[in-house]
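Novice: The opening position of the sequence shown corresponds to residue 14 in the numbering used here, with each subsequent residue numbered one higher.
Structure in structure tokens, see below.
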Amino acid sequence: MTRTLMGVSAGALVLALASPALAQDAQGEEEANTITVTGQRASDKASLESKRKSDTTAEVISANDVGKLPDQNVAEAVRRAPGVSVATDKGEGRYLIIRGIEPNLANVTLNGQTASAPEPENRNVKLDDIPSGLIGAVTVIKTLTPDLDANAIAGQVDIDTVSAFDKKKFFMGARGVLGLYQDTDRKAYEGDASIGGTFGPDRQFGLVVAGNYSTRPSYSEDVLSSSRQLIGGNDLPAEIDQRIYDPAIRTRKGAVVNFDWRPSDAVSVYARFMYSEFGDKETRNRFRFFFPTSAAGYTGLTADGGTIASTTGRRLLRSRQEITKTTTYSLGGEFDVLGGTLTIEGTHAKSKKTDPIRDEVEYRASGIGGTFTTSSDDPLGSLTVNAAGLNPASYRLNNYKQVSRLAGEDLNQFRVDYSIPLNGLGEGSAIKLGGKYLRRERFQDQTGRTLSAVSATAGTRTIASDLGPSTATTFDGRYTFGPTIDFASAQAFVFANAGNTAQFTVNANDQISQSKTSDYEVNETVTAGYVMATIKTGGLTIIPGVRVEHTKGDTKAIIYRAGVTTLNSGFDSFGSYEYTDWFPGVNVKYEFSPQLQGRAAITTAIGRPPFVNLAPTVTVDTGSNTVSQGNPNLKAQRSFNLDASLEYYFPSEGGISVAVFYKNIKNPIFATTALNQTGTFGGVALTNATVSSFGNGDEGSLTGVEFAIQKPLTFLPSPLDGFGINANLTLSTSDLKVPGRTIETPLVGQANTIASGQIYYEKYGISARVAVSYRSAYLDTDGGLSTADVTGLSDGYFGSITTVDARIGYRFTKFAEVFVEGTNLTDAQDYYYFANASRFREAEKYGRSMRLGLTLNY
């Protein structure tokens, strides 16, 4: 049924996009023009005008007249801006990559204040947590000024919610959406509503209230290999690891309340509240087929494949739930004081990420076999498993792993800014100074244990006793999958016998390791001050200034030593860091004419290390003579940035621009592995140990150029004058100096080519667009590169991808629009590889999706 609905919807979408003139007789030219300026064209015009007026290099994504961005979350909306790409998860944008700099080095703010992020590993803010229906505009600032946080090597992403004073009159709106997804009959639902306006004497009060709810079920398939191996001169995957996510259900909830009071032109007071909740619940069936490690395990082995007579396999099922909640309160105001403008704002944000269940049951088999193919022309290859590998009775219960996790952050900040006009230098000139205090308290607490099945009892139970529906193949028939596991059945058996040591055993040291090695606390304070000037004379604007930031932090973690550490052990490893940095910079803008202006900037920035790297965790394994530890002495990354651009704005509407940029980044962070280390680690003396940690390298650099054009084709004769185009292209290159390497290595997240193009039509009540996005491959190795790999053969890349999306809406009254949206219409797949595209690492397919909706606004 879903596929039929999607087919009908897709056909309607294509037909409507191909026939924009069909609705000419529905409305007159005057009314059509009125409707046109309230749609995408109006949003694009507002965005371009904001960019034009900005004194820095920035890209602005404005919402349309009812405050709805054109995509499902903030990351999806911004990814079409010049120089911006996204890191995705299950086909949805999650993190922004600005000009090829990893998301960990971007600063995300909410209404100008630092946004909280409960991600336990990094400083990243998940932008798919925030529903787009709650947002008024998003600004990507590429050149910093001293009044902005310096922790933004990539740039700053400022998310603004709507104020009643942003609108000229009372407004309200609502939207309902039904979503259809390929390969699943489950439906997605989304709804949001907003209402706001000014009121009271002289309309001095303003209030906006908005809410959003959505649920998105999906089906996806994933296949990967954890590593590569050289067998008989053939470069082969170490395994074929298939994963089916069904169901995977994402739920978003959110609310915004903004109150403003403007009793006079000299006083403005406001209160802001935002709540967002993201839930991710999934069931993952997994089949791991291991390739033998020697040529003797193969027959007929060639570069194109071979047969495996006997190997091992594992089938697993994981049930996982993740809930992220973020609440932000802000109170502030602007006041005319002594001829200047004083701005004061305080913000408290609290975020919590809970994984109440990450349980996984595992069954293992030996003596299974199959035939596989692989080649440089078709690196995904194929796998056909023999009868033994498809027999549920071949797989015996091995273990049941229980994991839960809690992570969170409390963020308190206060800022004050004072701007004094210097109109004697030119209208709009001013000197501005201020300061900011920010304190964040971050923690992670994980609990885990593994119930190992006793081989003579529970270990004799097979998947045949816990059998779920069978899946013949994945990836359109490439890989044999076979039987799946019924989680409820397996869990019931395990829980009924968990306390019986004749059935299951728990390794105490393993339980302690799972429960203690990831726990940490980090408290960090950043105190900042700045002074800057804005000098406007004629067509010239110069903004010189300097910012100083003092960073101080302390960290706590646990030293894990088998036989010493217990479940009751508290923090016993401590670290601290403290440093002060100065950030001089200057932004210059010159208006050659009303249509032509140029920009240039010299700026500096900092990128503080990920929290998980700073945590002084120490895990000592005397059996393997290895140590794994964090590094609270990591240096922050620091960058020197050069930017220049030229912008031309067409006399009627639209514009074209070109920009060049350069970044030099000191102290890049790497995963390190040191061999033959002798010393005391966590109180344990070791000789010739292997020590894994994190360290700083020398430097990296990035150079690039951006092109963008935005133009409604109003010069064409009617009805073609409703067409318009938006397009941008970013070309860049980078070089990262990895300790011990002589080969060239790019920066993590840097793609050589990013391109996006849209063609749209708006007239006669129709609002339609087709968007194509392309991104070339980039290095995406999690946790940084390893200095132990001097060849780069283990470097992981996210391959190139092209996606096509489309939308058509018809406004049948001034206040109502129906629409259809199609996402990933070409069924593009994510592809990952080691070092080069012929060395398969992972692929994921998540299919097409269609959304049908109704928007009401007043």
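From the three backbone atoms N, C-alpha and C, an ideal C-beta is built for every residue, glycine too.
How is the alpha helix (DSSP H) around residue 476 delimited, first residue to last?
Specialist: Careful: residue 476 lies outside any alpha helix (DSSP H) and carries neither H nor E.
Novice: Under the DSSP definition of a beta bridge, which residues are partnered with residue 767?
Specialist: Looking at the DSSP assignment, residue 767 forms a beta bridge with 743, 788.
Novice: I need the boundaries of the beta strand (DSSP E) containing residue 456, first residue and last residue.
Specialist: 443 to 466 is the extent of the beta strand (DSSP E) around residue 456.
Novice: Please report the residue range of the alpha helix (DSSP H) in which residue 522 lies.
Specialist: Where residue 522 is concerned, the enclosing alpha helix (DSSP H) stretches over 521 to 529.
Novice: Could you tell me which residues DSSP puts in a beta bridge with residue 190?
Specialist: Bridge partners of residue 190: 203, 866.
Novice: Is residue 724 helix, strand or coil by DSSP?
Specialist: It is a strand residue.
Novice: Pull up the distance between the alpha-carbon of residue 223 and that of residue 205, whole angstroms please.
Specialist: Near 7 angstroms, if we compare the C-alpha coordinates of residue 205 and residue 223.
Novice: Going by other Cβ atoms of all chains shown within 10 Å of its Cβ, with 16 needed for buried, is residue 506 buried or exposed?
Specialist: So residue 506 counts as buried.
Novice: Below 8 angstroms, can you find three or more Cβ-Cβ pairs linking the segment 829 to 841 to the segment 212 to 232?
Specialist: No, the segment 829 to 841 does not touch the segment 212 to 232.
Novice: When the Cα of residue 354 is compared with those of 326, 430, 395, which residue comes out closest?
Specialist: Here the closest residue by C-alpha is 430.
Novice: Would a C-beta distance cut-off of 8 angstroms place residue 762 and residue 115 closer than the cut-off?
Specialist: It is a contact, given that the beta carbons lie within the stated cut-off.
Novice: Which residue's Cα is closest to the Cα of residue 905: 676, 845, 287, 249?
Specialist: There is no way to answer for residue 905, as the model of the chain reaches only from 14 to 871.
Novice: Under a three-way DSSP split, which group does residue 421 fall into?
Specialist: Reduced to three states, the DSSP call for residue 421 is strand.
Novice: Drop a sphere of 10 angstroms on the beta-carbon of residue 699, count the other beta-carbons inside from all chains shown, and report buried for 16 or more, exposed for fewer.
Specialist: Buried, because 16 or more other Cβ atoms sit within 10 Å of the Cβ of residue 699.
Novice: Less than 7 angstroms between C-beta atoms, sequence neighbours within five positions excluded: which residues of the same chain meet that for residue 379?
Specialist: Result list for residue 379: 325, in chain order.
Novice: Counting C-beta neighbours from all protein chains within 10 Å, is the total for residue 436 16 or more, i.e. buried, or is it exposed?
Specialist: The residue is exposed, with fewer than 16 neighbouring Cβ atoms inside 10 Å.
Novice: Please state the DSSP three-state secondary structure of residue 621.
Specialist: Of the three classes helix, strand and coil, the one that applies to residue 621 here is coil, per DSSP.
Novice: Tell me which residue opens and which closes the alpha helix (DSSP H) that residue 91 is part of.
Specialist: Start and end: 87 to 91.
Novice: Any idea which residues DSSP pairs residue 155 with across the strands?
Specialist: DSSP lists no partner for residue 155.
Novice: Going straight from the alpha carbon of residue 336 to that of residue 368, what length do you get?
Specialist: Whole-angstrom Cα-Cα distance: 6 angstroms.
Novice: Given this structure, state the Cα-to-Cα distance separating residue 757 from residue 715, to the nearest angstrom.
Specialist: Distance between the alpha carbons of residue 757 and residue 715: 13 angstroms.
Novice: Would you list the one or two residues that DSSP bridges to residue 54?
Specialist: For residue 54, which the question treats as bridged, DSSP gives no partner whatsoever.
Novice: Give the C-beta separation of residue 120 and residue 86 to the nearest angstrom, bearing in mind that I take them to be a contact with Cβ-Cβ under 8 angstroms.
Specialist: About 19 angstroms separates the two Cβ atoms, so there is no contact after all.
Novice: Have a look at 413, 247, 356 and flag the residue whose alpha-carbon is nearest the alpha-carbon of residue 317.
Specialist: Nearest option by C-alpha distance: 247.
Novice: Cutting at 8 angstroms between CB atoms, please list the residues of its own chain near residue 463, excluding the five before and the five after it.
Specialist: Cβ within range, chain order: 412, 413, 414, 415, 519, 520, 523, 524, 527.
Novice: Tell me which residues share the same chain as residue 839 and place their Cβ nearer than 6 angstroms to its Cβ, disregarding the 5 neighbours each side in the sequence.
Specialist: Excluding positions up to five away in sequence, the list reads 817.
Novice: Can you find the residues in the same chain that come closer than 6 angstroms, C-beta to C-beta, to residue 768, ignoring five residues on each side of it along the sequence?
Specialist: Hits under 6 angstroms: 742, 787.
Novice: Could you tell me whether the segment 484 to 495 touches the segment 572 to 587, using the rule of 3 or more Cβ pairs below 8 angstroms?
Specialist: Result no; under three Cβ-Cβ pairs closer than 8 angstroms.
Novice: Does DSSP classify residue 60 as helix, strand or coil?
Specialist: In the structure shown, residue 60 sits in a helix (DSSP, three-state: H, G or I).
Novice: Could you pull the DSSP bridge partners for residue 831 from this structure?
Specialist: Answer is 823, 867, bridged to residue 831.
Novice: Going by DSSP, name the residue or residues bridged to residue 415.
Specialist: 462.
Novice: Grouping DSSP H, G and I as helix and E and B as strand, with all else coil, what is residue 570?
Specialist: The answer is strand: DSSP assigns residue 570 an E or B state.
Novice: Do residue 650 and residue 682 have their CB atoms nearer than 8 angstroms?
Specialist: In this structure, residue 682 lies closer than 8 angstroms to residue 650 by Cβ.
Novice: Could you pull the start and end residues of the beta strand (DSSP E) that residue 811 belongs to?
Specialist: Taken as a continuous stretch (DSSP letters only), the beta strand (DSSP E) holding residue 811 covers 809 to 811.
Novice: Would you kindly report the start and end of the unbroken alpha helix (DSSP H) that includes residue 507?
Specialist: Looking at the DSSP string, the run of the alpha helix (DSSP H) that includes residue 507 is 500 to 510.
Novice: Tell me, which residues are paired with residue 227 by DSSP?
Specialist: DSSP, once it has assigned bridges, lists 203, 265 as partnering residue 227.
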